[in-house]
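**Q** So the sequences go chain by chain: A and B.
Residues in the first sequence are numbered from 1 upward in steps of one, following my numbering.
Residues in the second sequence are numbered from 979 upward in steps of one, following my numbering.
For each residue, glycine too, the CB sits at the ideal point set by N, CA and C.
Structure in structure tokens, see below.
Number of protein chains: 2
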Amino acid sequence: MAQQNAWPAIAAVVFDLDGVLTDSAEQHFQAWKRLADEEGIPFTRAENEALRGVSRRKSLEILLAGRPVTEAQAEEMMARKNRYYQELIRHLTPANLLPGVASLLAELRAAGLKVAVATVSRNARTVLDGLQLWDRIDALSDGYSVGRSKPAPDLFLHAAAQLGAPPSQCLVIEDAAAGIEAAQAAGMHTLALGPAQRFAGSAPEALLPSLEGASWPRILAALDDAARARAPWQVREASLEPAALGRQEAVLTIGNGYLGTRGTFEERYPGDQPATLINGLWDAVPIIHTELANAPDWLALEIIIAGERFNLQQGRILAYERTLDMRHGVLVRRVRWQSPQGRTVELRFERWASMDDPGLTALRCGVTALDFAGEVELRAAIDATVENPNNLVPSEIALKHWWPLGHGNPTPQSAWLQARTRVSGAELAAAAHLEVQGIPEATYSARDYAHAPGIAARFQLQQGQTAVATKFVAYACGASGTGFPARPSATGGLESPPYSALARVESAAGRGYESLFAAHRAAWHDLWQSCDVEIEGDELAQRAVRFNLYQLLIAVPRHTDRVSIPAKTLSGFGYRGHVFWDTDIFIIPFFAYTRPELARNLLLYRYHTLPGARENARRAGYQGAWFPWESAADGRETTPPWVPLPDGSLARCWCGEIELHINSDVAYALWRYWQVTGDDAFMRDYGAEVLLDTAVFWGSRVEYNATAGRYEISNVIGPDEYHEHVNNNAFTNRMVQWHLERALETLDWLRAYHAARAAELEQRLRLTPERLALWRDIQQRIYIAYDPTTGLFEQFAGFFELEDLDWQALEPRTKPVQLVLGIAETQRYQALKQPDVLMLLYLLGPAYDERTLRVNWQYYEPRTDHTHGSSLGPAIHALLAARLGLLDDAYQHFLRAALVDLDDLRGNTRDGIHAASAGGVWQDIVLGFAGMQLGPEGLTFAPQLPERWQRLRFTLRYRGQPVEIDLRAEELAPIRPS
Amino acid sequence: MAQQNAWPAIAAVVFDLDGVLTDSAEQHFQAWKRLADEEGIPFTRAENEALRGVSRRKSLEILLAGRPVTEAQAEEMMARKNRYYQELIRHLTPANLLPGVASLLAELRAAGLKVAVATVSRNARTVLDGLQLWDRIDALSDGYSVGRSKPAPDLFLHAAAQLGAPPSQCLVIEDAAAGIEAAQAAGMHTLALGPAQRFAGSAPEALLPSLEGASWPRILAALDDAARARAPWQVREASLEPAALGRQEAVLTIGNGYLGTRGTFEERYPGDQPATLINGLWDAVPIIHTELANAPDWLALEIIIAGERFNLQQGRILAYERTLDMRHGVLVRRVRWQSPQGRTVELRFERWASMDDPGLTALRCGVTALDFAGEVELRAAIDATVENPNNLVPSEIALKHWWPLGHGNPTPQSAWLQARTRVSGAELAAAAHLEVQGIPEATYSARDYAHAPGIAARFQLQQGQTAVATKFVAYACGASGTGFPARPSATGGLESPPYSALARVESAAGRGYESLFAAHRAAWHDLWQSCDVEIEGDELAQRAVRFNLYQLLIAVPRHTDRVSIPAKTLSGFGYRGHVFWDTDIFIIPFFAYTRPELARNLLLYRYHTLPGARENARRAGYQGAWFPWESAADGRETTPPWVPLPDGSLARCWCGEIELHINSDVAYALWRYWQVTGDDAFMRDYGAEVLLDTAVFWGSRVEYNATAGRYEISNVIGPDEYHEHVNNNAFTNRMVQWHLERALETLDWLRAYHAARAAELEQRLRLTPERLALWRDIQQRIYIAYDPTTGLFEQFAGFFELEDLDWQALEPRTKPVQLVLGIAETQRYQALKQPDVLMLLYLLGPAYDERTLRVNWQYYEPRTDHTHGSSLGPAIHALLAARLGLLDDAYQHFLRAALVDLDDLRGNTRDGIHAASAGGVWQDIVLGFAGMQLGPEGLTFAPQLPERWQRLRFTLRYRGQPVEIDLRAEELAPIRPS
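Set out below in structure tokens:
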């Protein structure tokens, strides 16, 4: 892809009139007030706030507040108000310019910037006459210029076209939220004037109280400061690097817990991997059992510019930029592109998945014709030709999950599609709506195509003109039904998915982009209020931490407890959407301490999948519930029995059969949740049953070694997956011991406080005295290879007899030890894929002293594949290093976790975000650097901040109470041992 | 799908005028003759033949034979001719009616049939006046009625609309080929009058010399006789059976050796499996290695009737029929369908893949509005959303092979698409052209969709009116190039695939459907001339034999020797287009004896894949060439190492590693070809190298058993695949012996007649004296478990020690023994999947006496899984049974082979036609029932016909000479031993 230059600077300033250049807002208030008084309507200065930047007609409606008037009466009132207003403004003079305006305009003129006034007012000419501004401005757009009022972008786009400046080079100065929104819709820079709360919902770039003292350098400085403040909230891609596109598709994912959409381009490229993954939308797939079926693509947008199709692989890229705004969950792309035939356009794409309305997605696309005039056609579709990648070599041969069931175009601006997954029969409908603003007229037509129905909009662009298209897509899932009813059932029955999707998208079009976008941003604001972590002094860490939390926030199910967070979130096809212990052990703590209701959703997913877990146990000849190593729709095991190696051959994967510790991991997660939240109702109604029935499994699974007089567990895989078929894995056995202790404790608690529930569970789960006695016996006599003299655990029976690996001899290494040496050969060495004994010491930390941790750290840490082993390792190592006071080590491991995706440290970010690592990063901050421990006495902190961190702030919830943590480096004792 | 009734009978008769009702053809001739004489142009009665049913303008052009005239001159000549003609016809009277016409018209009137006259003439009214026919006819369509002349269907469709009879109920009586073609285009019944040779290219349903004595019952009887004569050439589907659709998709495949297109419906249904498989268009696929990528679908046609989409799953099916015309390679579907809103249409679809122009396909669709008037829209596309089925469970999850590269609509009536396979990078272009006839005007527009570009035609249909749409699609393959040039390169370089496809389809549209269809039929005529087998007295067998030959004829590569015939032809996805010994042993004999140039193509495929065969040997540590068990693009082994079992698990497939006999099978095939054809040049240039280098492989593969002093081959699979990893398989070892004998013989022949080539091969293949000595030693001392006292071969070492299987205990059985008992368990029994020792006796028949054959037959035949074992078995058993005089057994096995697909005897016809069985059916006829043997003295015959067969006729070529075989039951001695 061709050359990419920097973006040009601001070249034009567009001023609102009322409240910005002059106080004619005062005259408006006076005129409206006089009208209101005459009509006996109460109207105050405070109520007048709502009229800022709003059309006359809309202002009257607000003033009338629902009072019925005829059209003739309304016309008369508007005319009357205008008469009063005209009288008032006829007396304006340059003295009525607001402070600072005259000098600013002079500065702009001197600096060679173009200036326009853009106002909804129809009296602007009179005002400008009075203010004597005609020779200071280059263009005026007023109520006569365009049809649509703010917050539509038309007024500003009209001004920009007159000035010959593309929106990207325009700064709008506004005193009204609707004006800021209109400028944003136009794709312009924004400076808001007035109190911050006035713009709470509209997010202007910069804010000043007024133009008084606002010299042009001061304004540029304010914009620059604002940009600097936004930077740690942004992931920015400054140029298009074809080699990095795969990683960026995952990194620039947007989502809302209902769906995730990868950061692919609207216009598609060969080899890209677009995906919208809707959590819970499973379909079967060979070997893998089941996977999330890639949903029909809502991004699809073809742009045809005077007959030439927009395509970054052709023509020249003159400027390029993508910005993921993590604060607001928005991805923006800006491109200045010259077509093969030499037409230059500026394009601005903005996309988000509503955090306020989960099935709703929005895409905005602004097109500016820089050096030509011609017809532009936009084709917006719902594209069901999407695919899932294959799970075998060669992986280019993609999988198709959908049968199209129907489609239609109920209006020229809307389209719907219904499709069904081929094996699971899950039904999905999607509806789209397209509207173009900024130009006088567009012609809409149906794109009636079974695999990708859509809407085409055709319009003329004059040179310098900009059109802004808005595409909404709504998804609706359904279990059955194949037709599309013309009307919803009169009896109020369940709506069919297509109707439901169509109704939602049309309602969205009715409410308007700005209103929905504001609701979306408000939801994000609420999320960050409880979840953000602020780090001062280390922008890299600050951005990386936010990035990891952002990825968890867009992946966590918010409105359902029937799904969980996949190991690769909803950002890629890795692990096919399956759920691992990653969620229970690595992610749930973040939510338990910040948004406990979301942690509860994740735990209830395990509760709802108990039937599948019971079937796993029953089919293997055991009792109770055995959670699957890989979990999907219903708790049955979905680990693929075979995995492809790079050469195309298949390797046997045993995790689904013998990586048993998952069962205790689930128990640990809900126990921790209970400790943090004190949510007794959850424990009584759901948690206890999970904890107890998984304990029943252990009772049936352990083996009694009569010779040694102890319980053992043979043939397992521990957390370290470089070693398969091992016996008496310390982690597994010790967690079983912990698990049975908690089970007995929980049953005692239930009996004490919820006797009926206790009795019910005892009967249903057959918790007989004999079974409980067995649990006590196992708990006391299960074999744990711990040497109290040295304090060292042996990872599994025979581990210490394995050979030591010469790690250095394998360097430079670019892949896991297992792929270098082979699966069988790797087992011969004391080489760990990830922490195993150390994982145990992390989970059961308070039970062991620092000496035990240090001894085991010193033994196992150097024997672990930190760079190419499991991505789950670095965050845990960072946390334990911080506990040991090894701050440099901690920070190094922490960055390895925090940057795993932003820097694609493992080369597989393309397959999706490493969710466990993201959860681990939060734990590093809170349980590591802030040194938080949860003990019998509640939360305690023993903070040690990395060298560059000046301040660390975050908020927790503990047992229903908010806890604000604000740590400043200068106030902490400089503890830097070893 | 809803109710389906029988088709209504003929309700209307449409008469041509000139030459049918009257001899005004004579007046035309006189008028043209007078004009010609005046202009000094020679013109005879014979030349007048070409003017039958042709417009006046076209007639003049034919008469002028290229002489240049101005437009004014032409107009004057036509007017002059017409003047002369007018003068002549003004004197017509009812006496000028041709014999039989008056009584026939009276009969038709009495029988309540409607009558119309349809003629291109503009003087028809004058003629009808003179003949006094006005009260005998109901409608007239003449040169003033429509724009297009015959062979366009417009004139007849206009007549039918006036009569209110749908085309399916009209009989056209014509004396001109162009008229018959026009009637066929209209979808009407046809009766031709005149000498047969006049209609050689146009295939009317029935033929009479004239209407003299042609009473209506006699005409109906002639049509009935004609239908009866066609029946053994047709596979007819009288009703739509959803359960049989999968089978029918394969059975109703059309093709031309370049491509095969399954018999799916144009409008698609969920669960259908449309496929156009272009031979040689390989792409990689997991586990399977490579497969034929399903090409973009040329059939795609959406039909929208007054806003309702034609869909057989909705509304009511009032009548339905599909007919595969094997004689002409055409598939016709007729449907009378009532839409959900009650509009009734009659649809007639006709499709063929040109046997004359391999990349070209044609689809015709006639639409009759029976009871409404409204807009009809036809959307013809090239649909690249096609898929290949998955090879694993669940198989519903399809595979996608194509990246779209580009598409366009150069005219409103044409579209093109270019796409590339994802892994192999093979490029394919397709172009489509759409035209609608029968209605005054249609509006064409582009359907600009990247995945399925196409053309829409919109037109109004009045009640009773019929429109006929013609869609041509041309394919072009290319190796590279991604763009579509506006013009072909001026320097005459290689055309890009899209341009080439577009040029071909536009040329086709220019030549016209009837002309291309005639060329297609002529090519088929030529094929059947050399390949047909006629059986009298057994219509079931006759149709079945033709069906099997038809399937081979549409699959055999005609214009290339780089591909072969896949085991499932080009009719399904089974075995993924791979080539097995099925071609060499079962199919090649048919072509070697009928169309040797096609057999040569198939053998050259093996020659061209020698490099891959050599690599197979080298990689396994052997020498020479080792042909793959499954062969695809280049001769490397493509047998999948794993095959899925019904439960989704994977079973190891060893054939690619140890089913070695393929190497001798290839040698056997080319040896037989040489014997039959005497094609020494082939043997010298290609065959010898294959034969010798495969012999080199055997020399490196056999093992010397020093103890026993013999050569052995251990760890193989013989033809019977129920037994894996066996030692000293009699078939394999004996064929190696035969192979080395032939290799030595061939080398001797080369040395004697082509010394330079012999020397070249000796050096290149390193045929050292030591190696040749080793071959002789192996040939003499290879172990073959044959007991001369009993005459029995032991299938492999230890076979006789295996347990006997209680076959009866497994009944009722619906699957192979291997699936009932399991792979390992099956090996314990003397149970054969297919003939193994008997296969040897079939191939080397002349080397063994009848006693040996009988003894082994009696032993092995009862131990073979005839019903669910290999489909390769029945034809061989039939052939051997015939040789043994077991005619009832022979006929039973023969039907099991001949009906395997027509009756879906193995339940897997959906996956594709059993090509080996089809080839075996021909061998049953010729080598079995006709008892042909090829010996040193040439061909000998010892025929024994099945009971019902009265006559058996076929043609062979033997060493360049045609041999006609015509066997009549009454002339054969009644040999019916047990």
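According to the Cβ coordinates, are B/I1067 and B/V1105 closer than 8 angstroms?
**A** yes
**Q** Contact check, B/Y1062 vs B/A1009 under 8 angstroms by CB: the rounded distance?
**A** 4 angstroms
**Q** With a threshold of 16 other CB atoms inside 10 Å of the CB of A/I823, please say whether the residue is buried or exposed.
**A** Using a 10 angstroms sphere on the CB of A/I823, the tally of other CB atoms stays under 16, which defines it as exposed.
**Q** Since A/F15 sits in a beta bridge, which residues does DSSP pair it with?
**A** A/V117, A/I173
**Q** Can the beta-carbon of B/A1775 be found closer than 8 angstroms to that of B/N1886?
**A** No; because the gap between Cβ atoms is not below 8 angstroms, this pair is not in contact.
**Q** Answer with yes or no whether the minimum CB distance from A/T385 to chain B is below 8 angstroms.
**A** yes
**Q** Reducing DSSP to helix, strand and coil, say where A/G481 ends up.
**A** Only weak support exists for where A/G481 lies, its pLDDT of 34 falling under 50; the coordinates are left without a value.
**Q** What does B/V963 touch in chain A if you count any residue whose Cβ is under 8 angstroms from its own?
**A** Limits of chain B in this structure are 979 at one end and 1956 at the other, which puts residue 963 of chain B out of reach.
**Q** Quickly, what does DSSP pair B/D1957 with across the bridge? List them, please.
**A** This structure cannot settle anything about residue 1957 of chain B, because the visible part of chain B is limited to 979 through 1956.
**Q** Among B/I1265, B/P1476, B/S1542, B/Y1651, which one has its Cα closest to the Cα of A/W642?
**A** B/I1265
**Q** Using 7 angstroms as the cut-off, classify the Cβ of B/T1301 as near or not near the heavy atoms of the ligand ZN, replying yes or no.
**A** The ligand ZN is not part of the structure shown, which contains no ligands of any sort.
**Q** Which of the three DSSP states, helix, strand or coil, is assigned to A/Y54?
**A** Checking the sequence, you will find Val at residue 54 of chain A rather than Tyr. Coil, per DSSP.
**Q** Does any residue of chain A bring its CB to less than 8 angstroms from the CB of B/A1486?
**A** no
**Q** Are the region 368-375 of chain A and the region 402-418 of chain A touching, with three or more C-beta to C-beta distances below 8 angstroms?
**A** Below 8 angstroms, too few C-beta pairs join the region 368-375 of chain A and the region 402-418 of chain A to call them touching: fewer than three.
**Q** How would you write the range of the beta strand (DSSP E) that B/V1313 sits in, first residue to last?
**A** 1308-1316
**Q** I'd like the list of long-range same chain contacts for B/L1576, defined as Cβ closer than 7 angstroms, with 5 residues on each side in sequence excluded.
**A** V1534, R1536, F1569
**Q** Helix or strand or just coil, what does DSSP make of B/A1351?
**A** B/A1351 falls in the coil class under three-state DSSP.
**Q** I think A/E291 touches A/Q341, with their Cβ atoms under 8 angstroms apart; what is that distance to the nearest whole Å?
**A** A/E291 to A/Q341, Cβ: 43 angstroms. No contact.
**Q** Along chain B, which residues have their Cβ under 8 angstroms away from the Cβ of A/N390?
**A** P1264, L1377
**Q** If we count the other Cβ atoms within 10 Å of its Cβ and call it buried at 16 or more, is B/W1112 buried or exposed?
**A** exposed
**Q** For B/A1170, name the three-state secondary structure that DSSP assigns.
**A** strand
**Q** Counting only Cβ pairs nearer than 7 angstroms, list the residues of chain A close to B/P1475.
**A** Ordered by position in chain A, no residue passes the 7 angstroms Cβ test against B/P1475, which lies about 17 angstroms from the chain.
**Q** What residues in the region 405-423 of chain A bring their beta carbon closer than 7 angstroms to a beta carbon of chain B?
**A** R422, V423
**Q** Is it buried or exposed, A/F627, if we count other Cβ atoms within 10 angstroms and call 16 or more buried?
**A** buried
**Q** Should B/L1623 go down as buried or exposed, given a rule of 16 or more other Cβ atoms within 10 Å for buried?
**A** Classification of B/L1623: exposed, given that the 10 Å Cβ count is below 16.
**Q** Using a C-beta to C-beta distance shorter than 9 angstroms, which residues of chain A count as neighbours of B/W1604?
**A** Within chain A, no C-beta atom comes nearer than 9 angstroms to that of B/W1604; the closest sits roughly 21 angstroms away.
**Q** Is DSSP giving A/S445 helix, strand or coil here?
**A** A/S445 falls in the strand class under three-state DSSP.
**Q** Taking Cβ-Cβ distances shorter than 9 angstroms, what residues in chain B pair up with A/A432?
**A** Near A/A432 there are no residues of chain B at all, since even the closest Cβ is about 16 angstroms away, more than 9 angstroms.
**Q** Please decide whether B/H1846 counts as near chain A, where near means a Cβ-Cβ distance under 8 angstroms.
**A** no
**Q** Can you tell me which of the three DSSP states A/F793 falls into?
**A** strand
**Q** Starting from B/N1579, follow the alpha helix (DSSP H) in both directions and report where the run begins and ends.
**A** 1574-1586
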